[in-house]
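Structure first, commentary second.
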Amino acid sequence: MTQKLWWITGAGSGIGQGLARQVAAGGDRVVISGRRLSALQETAAGSPNIITQVLDIADRPSVALAVADIEANHGPIDVAILGAAQYQQMDLSDFDCSRFGGLITTNVVGTANCLDPLFKRMGARGAGQIAVIASVAGYRGLPKAAAYGASKAALINMLEALKPSTEAAGIKLQVINPGFVETPMTKVNEFPMPFLIKSDAAVKHIRRGLASRQFEIAFPWPFVVLLKIGRLLPSRLYFAITRRML
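Residues 1302 to 1547 in my numbering are what the sequence shown spells out, letter by letter.
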């Protein structure tokens, strides 16, 4: 089988780290990007198939240069997993427009910064696969997720809008919507996290979804079903439920 080249952003910990290690163990080459070199080196430790690259996805010129550098030195990117993101709890008591803007810049604009050069290069080749890690928190507004949920809803909407044209261009575009996954990001949560799963289980769901033809890769299914039902509820009933979550 032909060895593939992957690019994974946000691979210094959590899902990105686990995915990079599994992919590399299977024989494919993986370029991992993130802001902290020490975290990237921890992910790459012991694997000759993992290449580290320090990158802040909010820096648009740096992202364009990074993609060009990857393809010049390692070949065309076959699969890109865009998972770099910030997470901050935010509600009325701690709402802050500066922090809100910073999170949107990283999660939404940063992802768009990565998509831009990928679309150009994959579109020219008529081939490639891109999956963006959003969240089930983007389905509908949840308490304490005013900024994070808004960023993930924006990603889901953007990818849905792009899906028809990317498909026509030969690019496989997918969205990954995890529920609660046991990672350093979720350790800060001080509220109950229903259907919490291990990072390894999340990676298995993602690998299976990437090999499929489906657009959305969402898990764990009981939580996904509950939240999708929540999207259909009238606002009065939905807010009656979310008020209890405060």
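Where a beta carbon is used, it is the ideal one built from N, C-alpha and C, also for glycine.
Bear in mind the structure is a predicted one, so any value in this text is a computation, not a measurement.
Residue i, buried or exposed, once every other Cβ within 10 Å from all chains shown has been counted against 16
i, result
"residue 1318", "buried"
"residue 1415", "buried"
"residue 1536", "exposed"
"residue 1526", "exposed"
"residue 1339", "exposed"
"residue 1303", "exposed"
"residue 1328", "exposed"
"residue 1558", "In this structure the chain extends from 1302 to 1547, so residue 1558 is not present and cannot be described."
"residue 1450", "buried"
"residue 1322", "buried"
Straight-line gap, residue i to residue j (C-alpha atoms, nearest Å)
i, j, result
"residue 1312", "residue 1544", "35 Å"
"residue 1466", "residue 1539", "34 Å"
"residue 1384", "residue 1542", "30 Å"
"residue 1531", "residue 1344", "37 Å"
"residue 1389", "residue 1500", "20 Å"
"residue 1440", "residue 1529", "7 Å"
"residue 1516", "residue 1505", "17 Å"
"residue 1308", "residue 1331", "6 Å"
CB of residue i within 9 Å of CB of residue j, strictly
i, j, result
"residue 1455", "residue 1490", "no"
"residue 1357", "residue 1411", "yes"
"residue 1471", "residue 1429", "yes"
"residue 1475", "residue 1405", "no"
"residue 1348", "residue 1325", "yes"
"residue 1436", "residue 1480", "yes"
"residue 1305", "residue 1379", "yes"
"residue 1377", "residue 1426", "yes"
"residue 1447", "residue 1392", "yes"
"residue 1457", "residue 1386", "no"
Coarse secondary structure for residue i, derived from DSSP in three states
i, result
"residue 1443", "coil"
"residue 1330", "strand"
"residue 1352", "strand"
"residue 1492", "coil"
"residue 1454", "helix"
"residue 1416", "helix"
"residue 1520", "strand"
"residue 1335", "strand"
"residue 1386", "coil"
"residue 1534", "coil"
"residue 1430", "strand"
"residue 1484", "coil"
"residue 1391", "strand"
"residue 1378", "coil"
Limits of the beta strand (DSSP E) - the one that residue i falls within
i, result
"residue 1479", "1473-1479"
"residue 1309", "1306-1310"
Element boundaries [alpha helix (DSSP H), containing residue i]
i, result
"residue 1360", "Segment: none, residue 1360 is in no alpha helix (DSSP H) and carries neither H nor E."
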